[in-house]
Structure formats: structure tokens, C-alpha cells
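2 protein chains.
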Amino acid sequence: MQRQVRLSPRKRPRQQRGKDTVDSILEATARVLKHAGFDGLTTNAVAAKAGVSIGSLYQYFPNKEALVSALIERHCEEMSAAILAELANVANLPIAQGARAVIELTFSAHAIDPALHRVLTEQVPRIGKLAKLRELDNISHRMVAGMLAARRDELAIRDVELAAFVLVSAIESIVHRSALLYPDKLKDPRLLDEATLLVTRYLGVAEN
Amino acid sequence: MQRQVRLSPRKRPRQQRGKDTVDSILEATARVLKHAGFDGLTTNAVAAKAGVSIGSLYQYFPNKEALVSALIERHCEEMSAAILAELANVANLPIAQGARAVIELTFSAHAIDPALHRVLTEQVPRIGKLAKLRELDNISHRMVAGMLAARRDELAIRDVELAAFVLVSAIESIVHRSALLYPDKLKDPRLLDEATLLVTRYLGVAEN
DNA sequence: CTAGAATGCGAGCGAACGCTCACATTGTCA
DNA sequence: TGACAATGTGAGCGTTCGCTCGCATTCTAG
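In C-alpha cells, the structure reads:
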């Protein structure tokens, strides 16, 4: 009844040809997803868009789900890479500036491929790779909790974990809803200001 | 290529029999969704679970999508009814208490049918009824903006619309992520306290 | 009572689509 | 250059599933 679901590739490409094929398949997956939505995502369509035969697709991806999983994984890695790369520079800033910097990072991470991000979060059924998304979440949480704990005595909070949860939720959602509802708002500095204000006032480190 | 999508029922039931049928179909839809997820939702399965023939189902729902739409609509209406019913009592409270009351309302609205809510927000592709969800969103936004505008001179904010956006996003997400990630957290009063704190400090009306 | 409307039934049609398989082509290595 | 692996091909199989249609049953109004 339930279709067999393996997420790891059936075969790793060993030659350059194969790698190119895999790349173009993933690229096509993204394009089809953005253009036709998850309902319009068929393996045949992806193969066609990639300029590759359906057989080749199934040489590297055991099933349709694996295709989407790989795409999610790639996208998540790009986003977390963008964040982690800048994180070191942020950790030692004074809190108010650190907060602003982290929020800014979140904004820019969501600007990598908004259309893809949108379709992935809005339409794709939360299949196996839900774990991947949670992981990203968890990384953010641990990171924020770490920053809070390090400066705990300067902050007007009692429970670091709880505060981290509240903050991550709030920021994530502000960025997300901006990206989804009003994509151009992401560039509006007033939004960044306001999100920063929310955080700093909550933490008791606002200057105004 | 794209399947025909009409969302309104093909026919309204005129006798009690028909109304019962429609009810049991919707009920079955919810149960199948919760039990098998969106992928496991087939019209035949729904009809079977409802103890109704597939033909009867298509007498009242023109297609599968309409089925889900009707369910979303019903769920949204229940949630907004729960909120709107209490809203009048809240509007005239002092801000700090009003904030807490509104947040509490959001919490309890999400406790109506968490399993269904989860499957609807996590798995159901945002089909036609996306509008319905946005509408709920919009109602919340207007409501909060109204409350803020009424007490504007007591508040440390500059832009009412922006503040409403930030607050609605933040609260919505805190409640949502609690419900999805840690369902039992919804009953934890410390979370409610913390969310309230976030809001009141941001607004500059916190007592501590 | 009865005609016609409302409702209920379910076998099965048709199309979409995931995926296989037998075979062809291209690359690698001795 | 030959042998074998890696990769590429696409017709089409099998299944699932949305949905129709012709007919049966139940209700309602005159």
C-alpha cells in the first residue's frame, strides 16, 4: 500500500557526466516546483526539464520523495552555511548589536531563494525531511540560547531556554511572514529596526 | 492538465438525510486526514469511513479539493468564533491585561482540535483556501492594530501597522510552534507569561 | 396513493504517473 | 584495442485514484 521510501541515492555518480546529470535534475526539480507547485511535480516533468531521460533520474534517485528531500537538504545547507559563516563575527558583539546582527542574518538567509523557500515551506508535505527543518530550528535555538547564557547577568530574563524559544519563534515568523506575504518588505530597514526593538526591549537592553 | 476545481458544493442537501451525509463525510475527512495524512486521503477512503457510497460523496462535493476546503473552512470558523466571542470582553481592558487576554485567546483557539490543526497546517498543500487562512490572519491584524491605535499615546511605538504586524507574527508563531513541537507546552503558564512579557515590554507597558 | 424530487449506490472508466527493464552509448584502464 | 564499468535511453507496465453514470431507494407534496 505505502510506497517504498528510501531517501538515499540509489547510486553515487562516479564520473563527471553523472554529477552533471544529478545537478541538472535537482535544478529542474526546483524549477518545476516553483513553476507548477508540488502538485505539478512529476518525475517525468523533472526529467524532461532537466533534458535527461526518466531512466537516468531513477538511477540516482530511488523515488520522487528522495528528489524533494535532496532539494530540501541542499537548500537548508545553503541557508545554514550563510548563517554559520557570519556567526563567529557576531558572537562577541554587545548584545543590542548582536541581536540586530542575528536578525539581519536571518533576513539575508531567507533571501537566498525566496521562491523556492516559499514553495518548500508552503506546499511540500512534511515528509521525511521534516527532520532537516527541525535541525535548522534546533541549531538556531542552541545558538541563541548560547548567546543569552553568555550574557545572562545583563539580561532581564529568568529562563534562558524559554527566552530562546520565544525569540527564535518570533523572529523566524516575522521574517517568514514578511517573505511570504510581502516579499519586498524584507528590504525595508524599518522592519529590521522594529524586530530588533522587539528583541532588545524584551531582553531589557534597549537604549530607547 | 490541471484538474477542474470548483470549491462550492455541487448541491445543497435539502433533507435531513442529506445533511447527515454531509456531516459524516466531513467528519470522516478529518479522521482520515489525522490518521493517514494528506497522502492517505482518498475520496474512496473517506466515503468508506463515512459509511457512505462514493457516489453520495460526489453529490455534495464536486471534487476532492472541495472536501478539504470545506473542512478548512469549518475549522477556521470554529477558531475565529472562539476568538470573536471573547473579544468584546477584552477590548476595554487596560493594555497589559488586554495583551495577556488576547494571547490567552490565541492559545485556547489553537487547542480546539490540535491534531486536525496540525495536519491542516503541516501537510495540506495551500490550495484555494489559502485565502481563508489569510483572512483569519487579517482579522487578527486589524483587531490588534485597532487595540494599539486606541491606546496609542500610552505605547512606546511609532507605527501602529508595523507594530501590529510584528506582534501578530510573534504570537502566532509562539503558539503555533508550541502546539506543533511541544503540544503539552500549551498548558504551561510560564509560556503564556513569557509571551505576555515579550509583548508588554515591547509596548513599553510592562510593570517589571 | 402516487409522481417526481431528493438521496443513495458502487462497478468500473480513463487518465495520470511512478517506476522498471532491456538495451545503447560513453568513459576508463590495462 | 578490448573488456568492463558507468551512464544514458524511453517505451510502456501496473497501479492508484478521482470521478461518472445508470439505476435503486427513500422522502415529500398534492
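In order, the protein sequence lines correspond to chains A and B.
Mapping of the first sequence onto my numbering: position 106 corresponds to residue 106, and the numbering continues sequentially without gaps.
Here my numbering runs 1000 ahead of the position in the second sequence, where the first position is 1.
C-beta atoms are modelled at their ideal positions from N, C-alpha and C, and glycine is treated no differently.
Since the structure is predicted, the reported quantities are computational estimates derived from the model, not experimental observations.
Taking C-beta pairs closer than 9 Å, name the residues in chain A that residue i reaches, listed in chain order.
i	result
F1038 (chain B)	P125
Judging by CA-CA distance, which residue of the options is the nearest neighbour of residue i?
i	options	result
L1155 (chain B)	B:G1204, B:T1043 and B:A1036	B:G1204
M1147 (chain B)	B:G1037, B:P1094, B:E1065 and B:A1170	B:P1094
E1104 (chain B)	B:R1201, B:K1187 and B:R1012	B:K1187
A85 (chain A)	A:A150, A:E73, A:S108 and A:A28	A:S108
K132 (chain A)	A:R152, A:L162, A:I72 and A:E78	A:I72
T106 (chain A)	A:S140, A:E77 and A:Q97	A:S140
S80 (chain A)	A:H110, A:K185 and A:E161	A:H110
D159 (chain A)	A:A145, A:A99 and A:A170	A:A145
A28 (chain A)	A:G40, A:P13, A:K11 and A:A47	A:A47
L1180 (chain B)	A:D137, A:I174, A:L180 and A:Q123	A:D137
R1190 (chain B)	A:T200, A:E161 and A:R151	A:E161
E1065 (chain B)	B:R1017, B:D1153, B:R1010 and B:K1185	B:R1010
T43 (chain A)	A:L57, A:A170, A:G98 and A:G51	A:L57
R1134 (chain B)	A:V199, A:H75, A:R177 and A:A150	A:R177
V124 (chain A)	A:D113, A:S24, A:G98 and A:L41	A:L41
A170 (chain A)	B:F1038, B:R1151 and B:L1198	B:L1198
Distance cutoff 9 Å, beta carbons only. Does residue i sit that close to anything in chain B?
i	result
A163 (chain A)	yes
I139 (chain A)	no
R14 (chain A)	no
E122 (chain A)	yes
L33 (chain A)	no
R134 (chain A)	yes
Classify residue i: buried if its beta carbon has 16 or more other beta carbons within 10 angstroms, exposed otherwise.
i	result
A1115 (chain B)	exposed
A1195 (chain B)	buried
D20 (chain A)	exposed
H1035 (chain B)	exposed
Y182 (chain A)	exposed
E1077 (chain B)	exposed
A91 (chain A)	exposed
R201 (chain A)	buried
R100 (chain A)	buried
A1088 (chain B)	exposed
S1053 (chain B)	exposed
G51 (chain A)	exposed
G1055 (chain B)	exposed
I1112 (chain B)	exposed
When the cut-off is 9 Å and only beta carbons count, does residue i lie next to chain A?
i	result
S1069 (chain B)	no
Q1004 (chain B)	Here the model assigns Q1004 (chain B) a pLDDT of 40, short of 50, so the residue's position is not dependable, and the following value carries that caveat. No, Q1004 (chain B) lies away from the interface with chain A (no Cβ there is under 9 Å from its Cβ).
D1184 (chain B)	no
D1159 (chain B)	yes
R1177 (chain B)	yes
A1156 (chain B)	yes
L1181 (chain B)	yes
Which residues of chain B have a Cβ atom closer than 9 Å to the Cβ of residue i, listed in chain order?
i	result
V166 (chain A)	A1170, I1174, L1191, E1194, A1195, L1197 and L1198
Starting from the beta carbon of residue i, find every residue of chain B whose beta carbon is closer than 7 Å, and list them in chain order.
i	result
Y60 (chain A)	Those do not exist, as Y60 (chain A) stays about 23 Å from chain B at its closest Cβ, beyond 7 Å.
Residue i versus chain A: which residues are under 7 Å apart at the beta carbon?
i	result
R1201 (chain B)	R201 and Y202
Where in the stretch 105-188 of chain A do unbroken runs of the alpha helix (DSSP H), each at least 4 residues long, occur, reported from the N-terminal end onward? 114-122, 130-150 and 160-181
Enumerate, from N- to C-terminal direction, the unbroken alpha helix (DSSP H) stretches of 4 or more residues contained entirely within the stretch 1013-1068 of chain B. 1016-1036, 1043-1050 and 1054-1060
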